[in-house]
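Same order as they appear, the protein sequences are chains A and B. Residue 593 in our numbering sits at position 143 of the first sequence; the count goes up by one each step and never skips. Residue 1545 in our numbering sits at position 343 of the second sequence; the count goes up by one each step and never skips. C-beta atoms are modelled at their ideal positions from N, C-alpha and C, and glycine is treated no differently. What you are looking at is a predicted structure, and each value in this text was computed from that prediction instead of being measured.
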Amino acid sequence: MEMRDLYQQVILDHNRSPRNFREIEDADHVAHGDNPLCGDKIKVYVKLNGDVIEDVSFHGSGCAISQSSASLMTIAVMGKSIAEAEQLFHRFHGMVTADADQPARRKELGKLAAFAGVREFPARVKCANLAWHTLHAALCEHAEPVSTE
Amino acid sequence: MQPRIEPDSTTGTIDIEQIRQDFPALHQQVRDKPLTYLDNAATSQKPKQVIEALSRYYSYQNSNIHRGVYYLSEQATAAYEAARVKAQRFLNAANPAEVVFVRGTTEAINLVASSYGRLVLQPGDEVVISAMEHHSNIVPWQLLCESVGANLRVAPIDTSGMLIIPEYEKLLGPRVKIVALVHVSNSLGTINDVRRLVGLAKEQSAVVLIDGAQAAPHMPIDVQDIGCDFYTVSGHKMYGPTGIGVLYGRIELLETMPPYQGGGEMIRSVTFEKTTYAPPPAKFEAGTPHIAGAIGMGVAIDYLEQLGWDFVHEQERVLLEYALERLATVPGLQIIGSAESRASVISFTVDGIHAHDIGTIVDQEGVAIRTGHHCTQPIMDFFGVPATARASFAFYNTVEEVDTLTKALMEAREVFGR
Chain A
451 MEMRDLYQQV ILDHNRSPRN FREIEDADHV AHGDNPLCGD KIKVYVKLNG DVIEDVSFHG
511 SGCAISQSSA SLMTIAVMGK SIAEAEQLFH RFHGMVTADA DQPARRKELG KLAAFAGVRE
571 FPARVKCANL AWHTLHAALC EHAEPVSTE
Chain B
1203 MQPRIEPDST TGTIDIEQIR QDFPALHQQV RDKPLTYLDN AATSQKPKQV IEALSRYYSY
1263 QNSNIHRGVY YLSEQATAAY EAARVKAQRF LNAANPAEVV FVRGTTEAIN LVASSYGRLV
1323 LQPGDEVVIS AMEHHSNIVP WQLLCESVGA NLRVAPIDTS GMLIIPEYEK LLGPRVKIVA
1383 LVHVSNSLGT INDVRRLVGL AKEQSAVVLI DGAQAAPHMP IDVQDIGCDF YTVSGHKMYG
1443 PTGIGVLYGR IELLETMPPY QGGGEMIRSV TFEKTTYAPP PAKFEAGTPH IAGAIGMGVA
1503 IDYLEQLGWD FVHEQERVLL EYALERLATV PGLQIIGSAE SRASVISFTV DGIHAHDIGT
1563 IVDQEGVAIR TGHHCTQPIM DFFGVPATAR ASFAFYNTVE EVDTLTKALM EAREVFGR
């Protein structure tokens, strides 16, 4: 495995300049997530219009995989329905965990397919998933902070 | 820039390659590269002498101790108790009964907090720790203070990673019953002048525990000279097996302390009305102990003593100096902690690259380093970093391995386009 297969240009780009890296003051849902092993911390903000994610953003600090994953996630779910977002999470999760990847369906993930290489690095899967778990918690209104442990 | 120190792996008359032959784990390929093991502060590799002792025990000596009247049990008991005497000598404890075998430093501190802490602490009393403690020397005291209504006070460190002694002294008031301090910081490498720190605490008649998990692999320990009441070590950090460690406790304290766990081995007599306890150390060794582990730890002590502290110290000093010099050549690399007196442990960050990404990239070159908060989150908060990378060296490491790390860090910068 080449390092550039993991650290693809799109991942490095979103790590350097994360999109939707801001707070949403009138967010309907906010959730915290953290990865206690590496100290990654994230806060995901969601503003809904009915069933549709009208605005989504994040704040926090972490490794390139967790930061770029959060950034690309906000772009992927912006304007989507809650059900569509959950479905994307499901597919993304399947792609980064070695046992459930279906390469044929990666196309549906668009830019998120850049994280396919993560499956080769079991210790880093939780970095890629952190933002998604936190979004899921925000949408489900979990009171407790999400932890990857 | 040319290294100031000659990259010569030999020190004195001991050939480092010959020493490395004792450590089977060092001779393997990981990710198609020779393993460069620089995570010794997490756990050290084991010499074959230790591995063979474990195998020999399970092959030929395995039996339960302190109860059989048959040959095998007598042999195992003698080997287990001989390991206790080795640990006593290693720590320079006055009496083998002051050596309690435990799972490791974490269990040792929990034992003291639960048993001694609950015995003496009154509401409003204070426990003093430092800002550079490992979570295992924070959380047991927090739990204790919460349950008895005592207060946990934290002595601050400066930006070099050294304890601010005048601030520590200010905390040592009449309500302080227990002081618990780390000997060598696992994330900064700082070596505390524990003899002096214990002396200051003793002026207030506080009982002092020293967490020696990171000190024991690097330097000779003399608990009588340090003057502490408790001292803790973990076998696996000093070339011994996992799951075994030692709590040293002054016999006068161990005698007054209630048991930590109840069960077999720790009793004198049991009836349903009343149980009386065995004297220390048995009082604190309920159940069948890690017999093989204790024997293996004894062999690790033999191994260290045969190598000699002069060799260990010199080899680690060369590695530390060379590593500090080489790492300084990596652009954007910052070393966290610059204590005058330090062990061969270096925490660092690289601008624009999170520690976790560094860890993954250098791993591709076969380099094992630790990344994260090293179970010292308050230190990370103090230095304002979410995580650091940490390289920690043992006497069996070489300057060539330092070069491999440096090269791998340059590659990490390249991957990140820095």
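For residue i, count neighbouring C-beta atoms within 10 Å of its own C-beta (all shown protein chains included) and say buried if the count is 16 or more, exposed if not.
i       : result
D1427/B : exposed
Q1508/B : exposed
T1308/B : buried
W1511/B : exposed
V494/A  : buried
E1219/B : exposed
R454/A  : exposed
A1280/B : exposed
F1474/B : exposed
H1575/B : buried
D1217/B : exposed
H540/A  : exposed
Y1297/B : The sequence given here places Asn at residue 1297/B; Tyr does not occur at that position. Classification of N1297/B: exposed, given that the 10 Å Cβ count is below 16.
Q459/A  : exposed
V1472/B : exposed
Give the secondary structure of residue i by DSSP, where H, G and I count as helix, E and B as strand, and everything else as coil.
i       : result
L1373/B : helix
I1340/B : coil
F1584/B : helix
D463/A  : helix
H1556/B : coil
P572/A  : helix
T1477/B : strand
I1380/B : strand
A1488/B : coil
L580/A  : helix
E1567/B : coil
A1530/B : coil
Q458/A  : coil
N470/A  : coil
Q1324/B : coil
H543/A  : helix
Please determine, among the options, the residue with the shortest C-alpha to C-alpha distance to residue i.
i       : options                               : result
N1294/B : Y1433/B, E1567/B and D1224/B          : Y1433/B
Y457/A  : Q1566/B, H1575/B and W1511/B          : Q1566/B
R1397/B : L1390/B, T1477/B and L1411/B          : L1411/B
T584/A  : V506/A, Q459/A, E475/A and E452/A     : V506/A
A1285/B : G1500/B, F1550/B and D1605/B          : G1500/B
T1590/B : F1597/B, Y1598/B, I1581/B and A1596/B : I1581/B
P1533/B : R1377/B, R1620/B, Y1479/B and L1228/B : R1620/B
L1321/B : A1541/B, K1379/B and Q1277/B          : K1379/B
E452/A  : P553/A, H464/A and V568/A             : V568/A
S1387/B : A1310/B, G1326/B, A1418/B and Y1282/B : A1418/B
Go through its chain and collect everything with a Cβ distance to residue i's Cβ below 7 Å, but skip five positions before and after it.
i       : result
A1502/B : V1252, G1437, M1440, Y1441 and G1442
L1529/B : L1535, I1537, I1548, F1550 and T1608
L1313/B : V1304, L1449, Y1462 and F1486
Y1425/B : Checking the sequence, you will find Val at residue 1425/B rather than Tyr. The answer, listed in chain order, is L1293, N1294, A1295, Y1433 and Y1450.
M523/A  : A581, W582 and L585
F571/A  : L456
Output needed for residue i: all residues of its chain with C-beta closer than 6 Å, excluding positions within five of it in sequence on either side, in chain order.
i       : result
Q1230/B : L1237
G510/A  : K491, I492 and K493
Q1463/B : A1488
I474/A  : Y495, K497, D505 and S507
M1421/B : none
Which residues in the same chain have their Cβ closer than 8 Å to the Cβ of residue i, if we skip the five residues on either side of it in sequence?
i       : result
I503/A  : V496, K497, V527, M528, G529, K530, S531, I532 and A535
P468/A  : F508, Q517, S518, A520 and S521
L1456/B : A1299, E1300, V1302, P1482, P1483, K1485 and F1486
L1157/B : With chain B covering 1203 to 1620 only, the question about residue 1157/B has no answer from this structure.
A1614/B : V1552, I1555, D1559, I1560, I1563 and V1564
A563/A  : M545, R556 and K557
R1305/B : G1445, I1446, G1447 and H1492
With a threshold of 6 Å (Cβ to nearest heavy atom), would residue i be considered close to the ligand MG?
i       : result
P1236/B : Among the ligands in the structure shown, none appear at all, so the ligand MG cannot be discussed.
Exercise for review: Scan the stretch 1236-1315 of chain B and note each continuous alpha helix (DSSP H) run of 4 residues or more that stays entirely inside, going in chain order.
Suggested key: Every alpha helix (DSSP H) stretch that sits fully inside the stretch 1236-1315 of chain B and reaches 4 residues is listed by chain position as 1250-1258, 1273-1293 and 1307-1314.
Point to revise | Entirely enclosed alpha helix (DSSP H) segments - the stretch 1377-1459 of chain B, minimum 4 residues | key: The stretch 1377-1459 of chain B contains these whole alpha helix (DSSP H) runs: 1396-1404, 1425-1428 and 1453-1458.
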